[in-house]
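Trainee: Residue numbers (my numbering): 9 to 412.
Before anything else, here's the structure in question.
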Amino acid sequence: MHFDKVLCALCITLFNSLPLTDGNCIVNDLPTQPNFDLDKYVGKWYEYQWHTKIYYPPEDRYNDYYHYYVQTTSGNITNYINGRDPTAPDGKCFFVNFNLYPTNSPGKLIYTSGKGEFPYWVLETDYTRYAFVYGCYNVSNDGTCNEAQSWIWSRTPTFPQIIKDKAPSWYNLTCLPASSFLDTKQEKECDVPAQYKITPDQSCLVSDVPIQPNFNITLFNGTWYEMRWLAQVFIPASELFQDYQHEYILQEDGSLKGYIRGRNDKRCFYRQASLTLSETPGKLHFNLTQGGSESYPYWIVDTDYNNYAVMYGCLNVSTSGNCTRARSTVWSRRKSLAPDFQYRANSVLQNLCVNPAALLSTSQNNPCTPCYNKQPCGTETDGGTTYISNYQLTLLALVILFSM
C-alpha cells in the first residue's frame, strides 16, 4: 500500500534534513581501495543498499537490481544493469547498458548514465564479497559534498554478514547518514537477453558474422575447457555442469571426433560428438553422436589456437536475417583463462550481438577421468545419458577386492 501523500511528503522533508555523520567530509580526502585491481573487480555485483536524497517507500523501489561490469579490449567497461520495477505492470524486468571508464587514479572511475557522467570511486572491496562505492557530483567551495551517490554491493544475492557489520563505518566515512541508504530486495533474479545490441545501429545479421581467418582445424585439434557459455535463461549455480571439457581428435576425412566429459550434480558424465566440415573453413557443424541428439552450427569466430577460442552458432534466424537464439562458448586450453583473453572474448561477443552478461561460468576444479575406447564409454547408468568410467569401476573393484 502506498503512503498517504501528505505523510509521504513529510517523510521526504525529514529525510532530506537528516544530519550528516562525523566523518571527514572532505571529498578529496576519501581513500580508495589500496592497490585497486580492476581485473578482480569486474563481474556481477548485487545491490545491497543505495544512497538517495529522496525517500522511496519499499513498494516503489527497484528489486533484484544488479550491475554486471564487462571489460573489453578497448579498456572501457560496459555496465549491464538489470532489475525489476515494482511500479511497472507485473513487476516487469528491465535491462539497460551504460559504461564505466577507468582513470589514471586506481579505484577512481567515471560512470555514465542517461543523465551524464559521474565519479565512481571504489572506497573499499575484498572483490569476492563486498564493495563500497561513492561518487560526489557536486563539490562545495569548502571541499565537502553537496550531492553524492553511493552503493553497497554484494557478490551474491544473499548478503554476507560482513557487509552488515562494515556498513556503519562506511556511512561515517562519507558523512552520509545511515538512514539515507535504502535496502534493495534480492528475491528472484531476472533473465537477461541473450541477444543484445550495445548500440541502436549495431548490425546483428547472421550473414555478417566473421569467421576466424585462415582457420586451421589441425591446430584447433586437442582439449578445450569450457570457461563460459551462453544461457537463454538464468540457471542457478547449483544446477550448472562443472569441469566440462571437449577433446577433439582429427580424423582422416578432416573432421573432428569429440570426447565430452563433465560433472553434473550427481556424477561424471561422458558423451561423444563429431564436428563436420563445410565449404567455409571454421564453419563446422556439431552433432552429438552418443549421449543425446543435439545438432547445431559450430562456428569458430576467434581463436589463437594455443590459449582461447570463441564458438558461435545461430539456432534460429529471423526473416530479417538477425539471430533470435544462439549458442556460444568461450573455451580455454587450460583450466583458467587470463584476463586479456577474457576481455578479447567479451569484445568478440559484443560484436556478435551476444550479451556477455548472459554467459554463465563453468568451474574447472575436479576433472573427470578420460574414457575413450568403449562404446558406450564405461558402464551405462541413468537411462543411457550418464556413464561411470571403466577407470573408476576398476578402482572400485580393487577396493572391494582388498577389503575382503
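Here a beta-carbon is modelled for each residue, glycine too, at the ideal position from N, C-alpha and C.
Tell me which residues share the same chain as GLU195 and place their Cβ nearer than 7 angstroms to its Cβ, disregarding the 5 neighbours each side in the sequence.
Mentor: Reading the sequence shown from its first residue, position 187 is the one you call residue 195. The answer, listed in chain order, is ASN71, ASP72.
Trainee: What did DSSP end up calling GLU155 once you bin it into helix, strand or coil?
Mentor: To locate residue 155, count along the sequence shown from 1; it is residue 147. DSSP places GLU155 in strand when its eight states are reduced to three.
Trainee: May I ask you to verify whether the stretch 44 to 61 touches the stretch 184 to 192, counting CB pairs closer than 8 angstroms and requiring at least 3?
Mentor: Contact holds: three or more Cβ-Cβ distances are below 8 angstroms.
Trainee: Could you give the distance in angstroms between the alpha-carbon of LYS274 and the alpha-carbon of ILE160?
Mentor: Here residue 274 corresponds to residue number 266 of the sequence shown, with the count starting at 1. Here residue 160 corresponds to residue number 152 of the sequence shown, with the count starting at 1. Their backbone Cα atoms lie some 36 angstroms apart in a straight line.
Trainee: Among the candidates ASP45, PRO65, TYR77, whose CA atom is the shortest distance from the CA of SER355?
Mentor: The sequence position of residue 355 within the sequence shown is 347, counting from 1. Nearest of ASP45, PRO65, TYR77 to SER355, Cα basis: TYR77.
Trainee: When burial is assigned at 16 or more other CB atoms within 10 Å of the CB, is ASN363 buried or exposed?
Mentor: In the sequence shown, counting from the first residue as 1, residue 363 sits at position 355. The residue in question, ASN363, is buried, as its Cβ has 16 or more Cβ neighbours within 10 Å.
Trainee: Run through the DSSP bridge pairs and tell me what TYR64 is partnered with.
Mentor: As a first step, residue 64 must be located in the sequence shown, where it is residue number 56. Answer is none; TYR64 lacks a bridge partner.
Trainee: Look at the Cβ atom of ARG236, then the Cβ atom of SER369, and state whether they are nearer than 7 angstroms.
Mentor: Taking the first residue of the sequence shown as 1, we reach residue 236 at position 228. Taking the first residue of the sequence shown as 1, we reach residue 369 at position 361. In this structure, SER369 lies closer than 7 angstroms to ARG236 by Cβ.
Trainee: Taking only three categories from DSSP, how would you classify LEU360?
Mentor: Taking the sequence shown and counting its residues from 1, one reaches residue 360 at position 352. Coil at LEU360, not helix or strand.
Trainee: Any idea what DSSP makes of GLN169, helix, strand or coil?
Mentor: The residue you call residue 169 lines up with position 161 of the sequence shown. Helix at GLN169.
Trainee: Just verifying my parser: in three-state terms, what is the DSSP assignment at LEU181?
Mentor: On the sequence shown, position 173 is the one that residue 181 refers to. Helix, per DSSP.
Trainee: How about GLN41 and GLY122: are their beta carbons less than 7 angstroms apart?
Mentor: Your numbering for residue 41 matches position 33 in the sequence shown. Your numbering for residue 122 matches position 114 in the sequence shown. It is not a contact, given that the beta carbons lie outside the stated cut-off.
Trainee: Considering only C-alpha positions, which residue in the set VAL104, CYS379, LEU367 is nearest to ALA239?
Mentor: Here the question's residue 239 lines up with position 231 in the sequence shown. Nearest C-alpha to ALA239: LEU367.
Trainee: Near SER336, what residues of its chain come up, given a Cβ to Cβ distance below 8 angstroms and the 5 sequence neighbours on each side ignored?
Mentor: As a first step, residue 336 is located in the sequence shown; it is residue number 328 there, counting from the start. Cβ neighbours of SER336 beyond the five flanking positions: TRP237, LEU238, VAL318, MET319, TYR320, GLY321, LEU357, LEU360, VAL362, LEU367.
Trainee: Check whether the Cβ atoms of PRO94 and GLU55 lie closer than 7 angstroms to each other.
Mentor: The sequence position of residue 94 within the sequence shown is 86, counting from 1. The sequence position of residue 55 within the sequence shown is 47, counting from 1. Not in contact: PRO94 and GLU55 (Cβ atoms no closer than 7 angstroms).
Trainee: Within 10 Å of its beta-carbon, does GLN350 have 16 or more other beta-carbons around it, so buried, or fewer, so exposed?
Mentor: One-based indexing of the sequence shown puts residue 350 at position 342. GLN350 should be labelled buried.
Trainee: Taking only runs of the alpha helix (DSSP H) that begin and end inside the stretch 209 to 238, which ones reach a length of at least 4 residues, in chain order?
Mentor: Within the stretch 209 to 238, the complete alpha helix (DSSP H) runs of at least 4 residues are 225 to 228.
Trainee: Within its chain, find whatever has a CB closer than 6 angstroms to the CB of PRO110; leave out the 5 residues flanking it on each side and keep chain order.
Mentor: Residue mapping note: residue 110 aligns to position 102 of the sequence shown, counting from 1. Result list for PRO110: LEU117, in chain order.
Trainee: Does the beta-carbon distance from ASN229 to TYR267 come in below 7 angstroms?
Mentor: Looking up residue 229 in the sequence shown gives position 221. Looking up residue 267 in the sequence shown gives position 259. Their beta carbons are not under 7 angstroms apart, which means ASN229 does not touch TYR267 by this criterion.
Trainee: Helix, strand or coil, according to DSSP, for PHE294 in the structure here?
Mentor: The residue you call residue 294 lines up with position 286 of the sequence shown. Here PHE294 sits in strand by DSSP.
Trainee: Output yes or no for whether 7 angstroms exceeds the beta carbon distance between GLY143 and PHE126.
Mentor: One-based indexing of the sequence shown puts residue 143 at position 135. One-based indexing of the sequence shown puts residue 126 at position 118. Cβ atoms of GLY143 and PHE126: closer than 7 angstroms.
Trainee: Ignore the nearest five residues each way along the sequence and tell me which others in PHE249's own chain have a CB closer than 7 angstroms to its CB.
Mentor: Taking the first residue of the sequence shown as position 1, residue 249 is located at position 241. Around PHE249: GLY270, ARG271, ASN272, THR370.
Trainee: In angstroms, rounded to a whole number, what distance separates the CA positions of SER211 and ALA96?
Mentor: Within the sequence shown, residue 211 is the residue found at index 203, counting from 1. Within the sequence shown, residue 96 is the residue found at index 88, counting from 1. Cα to Cα, the separation comes out at about 30 angstroms.
Trainee: Roughly how many whole angstroms lie between the Cα atoms of SER301 and ASN295?
Mentor: Mapped onto the sequence shown, residue 301 falls at position 293. Mapped onto the sequence shown, residue 295 falls at position 287. If I take the Cα positions, the gap works out to 7 angstroms.
Trainee: Closest by CA to VAL50, which one among ILE34, ASN84, CYS33?
Mentor: Indexing the sequence shown from 1 puts residue 50 at position 42. It is ASN84 whose Cα lies nearest to the Cα of VAL50.
Trainee: If ILE219 sits next to VAL309, beta carbons under 8 angstroms apart, how far is it from one beta carbon to the other, in whole angstroms?
Mentor: Residue numbering aside, residue 219 sits at position 211 when the sequence shown is read from its first letter. Residue numbering aside, residue 309 sits at position 301 when the sequence shown is read from its first letter. Between VAL309 and ILE219 the Cβ distance is about 6 angstroms, and since that is below 8 angstroms, they are a contact.
Trainee: What span of residues does the alpha helix (DSSP H) with LEU248 cover, start to end?
Mentor: By one-based count along the sequence shown, residue 248 stands at place 240. Unbroken run through LEU248: none, as it is neither H nor E.
Trainee: Count the other CB atoms within 10 Å of the CB of PHE242; is the residue buried (16 or more) or exposed (fewer)?
Mentor: One-based indexing of the sequence shown puts residue 242 at position 234. PHE242 should be labelled exposed.
Trainee: Only counting runs of 4 or more residues, tell me where the alpha helix (DSSP H) segments fall wholly within the stretch 315 to 380, in order along the chain.
Mentor: Qualifying alpha helix (DSSP H) stretches, in chain order: 347 to 359.
Trainee: Please check the pair ASN90 and PHE106, which I expect to be a contact at CB under 8 angstroms, by giving their CB distance rounded to whole angstroms.
Mentor: The sequence position of residue 90 within the sequence shown is 82, counting from 1. The sequence position of residue 106 within the sequence shown is 98, counting from 1. Incorrect: roughly 12 angstroms between the Cβ atoms, too far for contact.
Trainee: For SER162, write down the residues that DSSP places opposite it in a beta bridge.
Mentor: To locate residue 162, count along the sequence shown from 1; it is residue 154. Note: SER162 sits in a beta bridge opposite TYR54, TYR138.
Trainee: Out of ARG279, HIS254, TRP307, which has the shortest C-alpha to C-alpha gap to SER215?
Mentor: For this step, residue 215 is matched to residue 207 along the sequence shown. If we check each option's Cα against that of SER215, TRP307 comes out closest.
Trainee: In terms of residue numbering, what span does the alpha helix (DSSP H) encompassing ASP47 cover?
Mentor: Locating residue 47 in the sequence shown gives position 39, where the first residue counts as 1. Taken as a continuous stretch (DSSP letters only), the alpha helix (DSSP H) holding ASP47 covers 46 to 49.
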